[in-house]
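Structure, as C-alpha cells:
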Amino acid sequence: MFTTVVMKELKGILLSQKFALTFGVVSVLILMSIVAGISEFTAGARQYDTAVQLAEQQLREASNWMAISARALRPPDPLVVFVSGVHNDIGRLSSINGHEAVKLLNSVYADDPIFAVFRSLDLMFIVQVVLSLFAILFTYDAITGERESGTLQLSLANPLPRRTFILAKATGIWAGLLLSLSVPMILGLLVVSLAGVPLSDSDWMRIGALFVGSLLYFTVWVAGGIAVSTWTRTPSASFMACLVLWIATVLILPRVGVLAAEQLVGVPTVAEVDAQKDGFEKAAWEKQMAGLSERWKKREEAMQGFSKEQREAYRDAHMWQWMQEEDAGRKAVQTEIDAYGLRLQEDLRNKRSAQERLAFTLARTSPAAIYQLASMQIARTSVTLKNATETSMEEYRSQFTAHVEKKQQESGGTGGFKITVDSEKGFSFSSPRERGTLDISDLPRYQWNPTPVGQLLADAGWDGLLLAVFALASLALAVIGFHRYDVR
Amino acid sequence: MLRLLIIKEIRDIVGSTKFAVTFGVCSLLVLLVFIVGARAYHTAVGQHDAAKRENLRRMEGITDWMQVHDMNVYMPPQPLSALVAGVAHDIGRTVTVEGRGELTAHDSRYSDEPMLAVFRQFDLEFLFTVVLSLFAILFAFDAVSGEKERGTLRLTFASPVPRRTFIAGKLLGAYLTLVVSLLLPIAAGSALLIVMGVPMTGDDWVRLTLIIAAGFLYLGVFLSLSVLVSAMTTRSTTSFLVLLVVWIVAVLIVPRAAVLFAGRAVDVPSVDAVAAQKAKFSAGLWGDDRSAMAAFKPSKSGDMQAVMQEFQQMMQKLADDRDRKMREFASRVNEERRNRQDVQEAVAFGLARITPAACFTLAATRLAGTSFEMKQHFLAATERYQKAFGEFMVAKTGMNPGGRMVVLRVVVGDEKKPEPINTAEIPAFSYAPMQVADVAGGTALDILLLLAVNLFFIVGAVAAFLRYDVR
C-alpha cells in the first residue's frame with residue numbers, strides 16, 4: 187500500500203506541468219550559479235597568483251633589512267564556487283613588517299564596489315532561498331488540495347491507515363523533488379571537475395557534506411510544507427501560511443538574532459581600537475624621546491670641563507655603547523607597543539566572538555540560518571575566517587620579524603637615513619646600506635594553513651543534526667495534524 | 020461603470036484573507052526596515068563619534084606639531100544610507116590622511132564585523148526588490164484567470180461592460196490597493212524615524228520620497244505584468260508559475276549575470292598590479308632623492324637652527340617634487356584603471372537595466388547616495404580635506420607631513436617645557452552627502468525606464484484581455 191501511494195505521488199509530480207517548469211528553472215539556476223562560482227573562483231585565484239608574484243618581486247627589490255616589508259595573502263578556497271560566504275567581504279592581504287600590526291585589507295567588494303551591488307549568486311543562496319520556495323510550492327496543497335478536489339475522501343475509503351498515507355505522500359513528494367534536483371547538481375559537479383578547479387580529495391569530501399546539508403535543509407521545507415497543509419483547510423490558506431513561515435524563517439529570524447546580539451553585546455570598532463593603539467604608540471615614543479633627551483643631556487654633562495680633543499676621544503670611545511643603549515631602548519618600546527596592540531586586538535576578538543556566538547545561537551532558531559552557517563563553515567568562508575587568517579598572519583609576522591632582526595644584526599647598521607646637526611661638526615647626512623639586494627632566500631614566506639577538514643565537518647555535523655531534528659519535528663507535526671484532519 | 024469596477028476590485032482584494040495576511044506581513048516588514056534602519060544609523064553614529072574622539076585623543080599631550088603626521092577621517096553616517104545600504108557597508112569608512120600621498124579607504128563595516136555580512140542588512144531596497152515584488156505578484160496573479168476559474172468573469176460580461184473598462188478597473192483597483200496599503204506602514208515608519216531621533220533634512224525627505232516613488236513604480240511593473248500574464252493564461256496556477264519564473268529571472272538572475280558578464284568581458288587591471296606599479300615608481304623616486312639629500316651642503320654652518328631650517332626647506336622641495344611626480348604617475352595609472360572600470364560599469368549596468376529590478380536598485384542606491392559611485396565620492400571629499408590639512412600643517416610647522424617620514428628632534432640643552440598642542444585647531448573633515456540636484460539626472464533614466472515598462476505591460480494587459488476567452 188505504502189509503495190502504491192509513493193508511486194502515485196511520484197507520478198503526480200513528475201508528470202505535472204508545474205514540475206516541468208520548475209525543473210527547468212532550477213536546473214538553469216543551479217548550473218548558472220556554479221558557472222558563475224567557477225568564474226569568480228578562477229578570477230580570484232588568478233588575482234591571488236599575480237599578487238603573490240608581485241609581493242615576491244617587492245621582497246626581491248628591497249634594499250635594506252630595516253625597511254623590508256612582506257605581504258601575506260589569503261588564497262580563495264575552491265569551495266567559494268558553491269558558498270561565497272564572507273570571502274568577498276574581508277580583506278585579502280596584510281602588510282607584514284616590524285612597525286605595523288597585522289590588518290586584513292583590500293576586500294574584493296571594497297576594491298571593486300561594482301561586484302557588491304547585486305552580490306554573488308551562489309549555490310547556497312539558490313538552495314536557501316529559491317529551492318525552499320519551490321519545496322513549498324510542491325507541498326502546500328498536499329492535503330488541502332486533495333481535500334478540495336475530493337480525492338482525499340476516495341483514497342481513505344480504502345483500508346489505508348492515515349499514518350501510512352501521510353508518510354507515503356511525504357516520501358513520494360520528497361523522492362520526486364530530490365531525484366530531479368540531483369540531475370542539475372550532478373551536472374554542476376561535472377562542470378566543476380571539467381573546468382579545472384583544483385579539488386583535492388578532502389575538498390570532494392567537503393562538497394559531499396555540503397550536498398548532504400542542502401538535502402537536509404530541503405527536507406525540512408518539504409516536511410514543513412506538508413505539515414502546514416495538514417493544519418489548514420483550503421489550499422490558499424495553506425499557501426499563505428507557508429509563505430508567512432518562509433518569510434519569517436528565511437528573511438527575518440536570522441537577522442533578528444544579529445540585531446539582538448548587536449544590542450546586547452557592545453564591541454568597539456576597528457577604527458576606535460586603531461586610534462587607541464596609535465595613541466599608546468605616540469605616548470610611548472614621546473616618553474622614549476623625553477628619555478633620549480635626558481640621556482644625551484647627562485652624556486653631555488659627563489663631558490663637562492673636557493677639552494675639545496678629550497671630548498672627541500670620549501665620544502668615540504662611548505658612541506658604540508650609546509647607540510646600543512638607544513637601540514635596545516627603541517626595541518623595548520616597539521615590543522611594548524606590539525604587546526599592547528595584541529592585547530587590544532585579543533580583547534576586541536574576544537568581545538566580537540562573544541557577540542557572534544550569541545547572534546548565531548539566536549539565529550539558529552531558523553533552519554535557513556542553520557543551513558547557511560553550516561555551509562559557510564564547510565566552505566571555510568564563515569566569520570571565523572577573519573580571525574583564523576589574522577592569527578596565522580600574526581604568527582607569520584613574529585617569524586618574519588625575528589628573521590629580519592637576525593639579519594639586521596648580521597649586516598649591521600640601520601636603515602633609512604640619519605641627519606646630524608652638531609654645533610661643532612656641522613651638518614652631516616648618512617644613509618647606510620643603500621643599494622644592493624638582500625639575500626632573501628631563507629626569509630620565511632607566508633603559508634596559508636586552512637582549518638583541518640575533520641574539525642570543519644565535526645562543527646558542521648551539529649548543525650546537520652539540528653536540521654535533521656527540524657525535519658523530523660515537521661514530519662511528526664504532519665502526522666499528528668493529519669490524524670486529526672477532517673477529510674470531508 | 021469604471022468606478023464601480025474599481026470599487027468592486029478593491030473590495031475583492033481587501034476582503035480576502037490573502038490581503039489580510041499579506042497586509043499584516045508587509046506592514047510588519049516595512050516597520051521592521053525602518054526600525055532596523057534607525058537603529059543602524061544610531062549605531063553607526065556611535066561608532067563614528069567614538070572613532071573621531073579616539074583619533075583626537077591619541078594626539079593629546081603632544082607638544083610639537085611636528086609630531087602630528089596624519090589625521091584619520093571617517094565617513095559620517097547618513098540617515099538614508101541606513102535605509103538603503105547599497106555598498107555603504109562594503110567600502111572603507113576610514114582614510115588616513117597625510118599631507119601628501121595617495122589616499123585609500125579601509126575598514127569597511129562588513130570587514131570589521133563579518134557577522135553582519137553573513138545575513139546582510141535588511142533594508143528598504145531589499146524589501147522592495149525581493150519581498151514586496153513577490154507580494155505584488157500574489158496580489159494580481161489571478162486577476163483574470165482566477166475570475167474565469169470561479170466563473171464570475173462570465174457573469175460580469177453578461178452585463179453590458181466593455182472589456183477595456185473591465186481590465187482598466189482591474190489594473191487601477193490593484194494599483195490603488197497596493198499603494199494605499201503600503202503607504203500606511205511607510206508613513207508610520209517615517210514617523211518612527213522622527214520619533215527615534217534620526218536627523219533627516221528636507222533634502223533627505225525628498226530623496227526618501229523619490230526612492231519610495233521609484234519603489235511603487237517598480238511594484239507597478241510586477242502588478243501590471245501579473246495582470247498581463249493572468250490575461251494570457253486560463254488557469255491561475257499556471258499564471259502563478261509563469262510569474263514566479265519571470266520573477267526569479269528578473270530579480271535574482273539577470274542583474275548578477277550582467278555584472279558577472281561585464282567582469283569577464285572587460286578586463287580591469289587588479290588593484291594589486293596597480294599598487295605594485297606605483298610602489299616601484301615611488302621607490303625609484305626615493306632613490307634619486309636620497310642622493311640629493313646626501314649631497315646637501317648648508318650655505319652657512321654654525322647656526323644650528325638655520326641649518327636645520329635650510330635642510331627642511333630642501334626636504335620640503337624634494338618632497339613636493341616627488342609628490343608631484345608621484346601624483347602625475349598615480350593619476351595616470353589610476354585613470355587607466357578608472358577608464359576600464361567605467362567601461363565595465365557601463366556594460367554591467369547597461370545589461371542589467373533589462374530588468375526593472377536592476378533599474379530600481381540603481382535608482383534607489385543612487386538617490387540614497389550609496390551607489391557604486393559612493394567610494395569615489397568619499398575619496399574625492401578626503402582629497403579636498405588632504406589639501407586643507409596639508410596647508411594647515413605647513414602653516415603650523417613649515418612642513419607638509421607625509422611619505423612615511425619620521426622627524427625625531429632631539430633637543431640637547433635647556434629649554435622651557437613646551438605647551439601641548441590644541442587638537443581642536445586641526446581642520447575638521449566635512450562630507451557633503453549627495454543632494455537631490457546631484458542625483459536627479461542619473462536616476463531620471465531608471466525612473467523613465469520603469470515608467471515605460473509599466474506602460475508597456477498595461478497596454479499589453481489591455482490588448483491581451485481584449486482577445487481573452489472568458490468562458
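Which chain is which? The protein sequence lines are Y and S, in order.
Each residue of the first sequence is one higher than the one before, starting from 187 at the first, in this note's numbering.
Each residue of the second sequence is one higher than the one before, starting from 20 at the first, in this note's numbering.
Cβ coordinates follow ideal geometry from the N, Cα and C atoms, glycine included.
Model, not experiment: these values are computed from the prediction.
Along chain S, which residues have their Cβ under 7 Å away from the Cβ of residue i?
i: Y:Gln462; result: Glu73
i: Y:Gly277; result: Ser130
i: Y:Arg441; result: Phe138, Phe141
i: Y:Leu291; result: His125
Taking 8 Å as the limit between beta carbons, can you name the residues of its chain near residue i, skipping five residues before and five after?
i: S:Pro274; result: Ala371, Thr374, Ala376, Ala377, Thr380
i: Y:Gly515; result: Gln474, Gly477, Leu478
Name, please, each residue of chain C whose Cβ falls closer than 8 Å to the Cβ of residue i.
i: Y:Met218; result: The displayed structure is made up of protein chains Y and S, and chain C is not among them.
So residue i and residue j are in contact, right, with Cβ under 8 Å, and what is the actual spacing, rounded?
i: Y:Leu279; j: Y:Arg257; result: 5 Å
i: S:Glu117; j: S:His88; result: 6 Å
i: S:Asp286; j: S:Arg359; result: 7 Å
i: S:Phe241; j: S:Ile156; result: 6 Å
i: S:Met393; j: S:Gly105; result: 7 Å
i: Y:Asp275; j: S:Val290; result: Their Cβ separation, rounded to whole angstroms, is 16 Å, which puts Y:Asp275 and S:Val290 out of contact at 8 Å.
i: S:Glu132; j: S:Val103; result: Contact flag wrong, Cβ pair sits at about 19 Å.
i: Y:Ala447; j: Y:Gln541; result: 5 Å
Chain Y partners of residue i, CB-CB under 8 Å?
i: S:Thr36; result: Ser422, Ala423, Met426
State the beta-bridge partners of residue i as determined by DSSP.
i: Y:Glu522; result: None; Y:Glu522 has no bridge partner.
i: S:Glu117; result: S:Asp89
i: Y:Ala258; result: Y:Ser280
i: S:Ala124; result: S:Val114
i: S:Leu244; result: Answer is none; S:Leu244 lacks a bridge partner.
i: Y:Leu291; result: Y:Leu279
For a contact meaning CB atoms closer than 8 Å, what does residue i contact in chain S?
i: Y:Tyr295; result: Val106, Asp109, Ile110, Ser127, Tyr129
i: Y:Thr236; result: Ser289, Asp291, Ala292
i: Y:Gln233; result: Ser289, Asp291
i: Y:Phe324; result: Here the premise fails: no neighbours, minimum Cβ distance about 11 Å.
i: Y:Val451; result: Chain S residues near Y:Val451: none, gap ~10 Å exceeds 8 Å.
Just the chain S side, please: which residues come within less than 9 Å of residue i by C-beta, in chain order?
i: Y:Asp387; result: Going along chain S, no residue has its Cβ under 9 Å from Y:Asp387, so there is no contact; the nearest lies around 29 Å.
i: Y:Glu472; result: Gly80, Ile81, Thr82, Gln86
Going along chain Y, which residues have a C-beta under 7 Å from residue i?
i: S:Met134; result: Val444, Gln541, Glu542, Ala545, Val569
i: S:Tyr93; result: Ala457
i: S:Glu364; result: Ile300
i: S:Ala298; result: Gln244
i: S:Leu279; result: Ala222, Ser225
Closer than 7 Å by C-beta to residue i: which residues in its own chain qualify, once you throw out the five before and the five after it? Chain order, please.
i: Y:Trp407; result: Ser318, Ala321, Ile322
i: Y:Asp649; result: Ile556, Leu559, Ala560
i: Y:Leu307; result: Ser219, Ala222
i: Y:Ser388; result: Val639
i: S:Ala349; result: Glu121, Lys297
Confirm the yes/no value for this check: CB of residue i, any heavy atom of the ligand MG, distance under 7 Å.
i: S:Phe42; result: With respect to the ligand MG, the structure offers nothing, as it holds no ligand at all.
Could you have a look at residue i and say whether DSSP puts it in helix, strand or coil?
i: S:Arg359; result: helix
i: S:Arg22; result: helix
i: Y:Ser552; result: coil
i: Y:Ala514; result: helix
i: Y:Ala659; result: helix
i: S:Ala155; result: helix
i: S:Met424; result: Its pLDDT being 48, under 50, S:Met424 is placed unreliably by the model, and the measurement read from it follows with that caveat. Coil at S:Met424, not helix or strand.
i: S:Leu467; result: helix
i: S:Leu202; result: helix
i: S:Val326; result: helix
i: Y:Val221; result: helix
Going along chain Y in order, which residues have a C-beta closer than 9 Å to the C-beta of residue i?
i: S:Met393; result: Pro299
i: S:Gln66; result: Pro454, Thr455, Ala457, Glu458
i: S:Gly282; result: Ser225, Glu226, Ala229, Asp298, Ile300, Phe301
i: S:Leu7; result: This structure cannot settle anything about residue 7 of chain S, because the visible part of chain S is limited to 20 through 490.
i: S:Ala399; result: Per Cβ cutoff of 9 Å: no residues; S:Ala399 is ~15 Å from chain Y at best.
If you drop the 5 nearest sequence neighbours on each side, which residues of the same chain put their C-beta closer than 6 Å to that of residue i?
i: Y:Ile626; result: Leu245
i: Y:Ile282; result: Ala256, Ala258, Arg583, Phe586
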